[in-house]
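Enquirer: Each residue of the sequence shown is one higher than the last, beginning at 3 in the numbering used here. A virtual CB, placed ideally from N, CA and C, is assigned to each residue, including glycine. No experiment lies behind these values; they were computed from the predicted model shown.
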Amino acid sequence: MIPQGSEILNTQYFTDLTAALSAAESCAELQALVTEAMASINAFEAGINADLAALLPMLSLLTAPTSPGAAVSWITNYISTILTPYLKPYITLGTQLTDLLAQIATLTALIPTLSVKFPSCDITI
C-alpha cells in the first residue's frame, strides 16, 4: 500500500485498504488493519487541520490597511504570520545539519570496526 499523506489525497490508499480489509482472514487481522488504517487517516486529518490553523492568521493580511495605524498593524502581522514562520526552519535546519554531520561521522567510524567481526564482510559506505 502507498502510505496516506504521500500525495495530496492518495485515493489508491483507500482502494488498497478496501481490498486488504475485504481479504482479512480473521477478526484479529481485520482489527489490525483497521487500527493501522485509522491511525494513518487520523494523522493525515490532523496534519490538514494543523496546516489550516497555521494559515488562518494570514487571512487578515488579505485586507489592505486603510490608515497609518492599520498599516503598522498589517506590517506587524505580516512579520509574525509570514516572515517569522517562514524563516524559523533556517535556524533549526542549521542546527539539524550540524547534528546530522556529527552522527554520520560517528557511524562511519563505527561501521568498519563492526564489519571486522564478520569474515569476508566488505561494507561500502
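By the DSSP assignment, the alpha helix (DSSP H) with Asp18 in it spans what residues?
Expert: Counting along the chain, the alpha helix (DSSP H) containing Asp18 begins and ends at Thr13 to Ser24.
Enquirer: By how many angstroms is the C-alpha of Ile113 removed from the C-alpha of Ala73?
Expert: The straight-line gap from Cα to Cα measures roughly 58 Å.
Enquirer: Going by DSSP in three states, Ile128 sits in which element: helix, strand or coil?
Expert: Residue 128 lies beyond the residue range present for the chain, which begins at 3 and ends at 127; the question has no answer from this structure.
Enquirer: Which residues in the same chain have their Cβ closer than 7 Å to the Cβ of Thr115, if we skip the five residues on either side of it in sequence?
Expert: Around Thr115: no qualifying Cβ.
Enquirer: Name the residue from Met40, Thr83 and Gln98 whose alpha carbon lies nearest to the alpha carbon of Met60.
Expert: Of Met40, Thr83 and Gln98, the residue nearest in Cα terms is Thr83.
Enquirer: Starting from Ile127, trace the alpha helix (DSSP H) in both directions and tell me its first and last residue.
Expert: Ile127 -> no alpha helix (DSSP H), and no H or E assigned at all.
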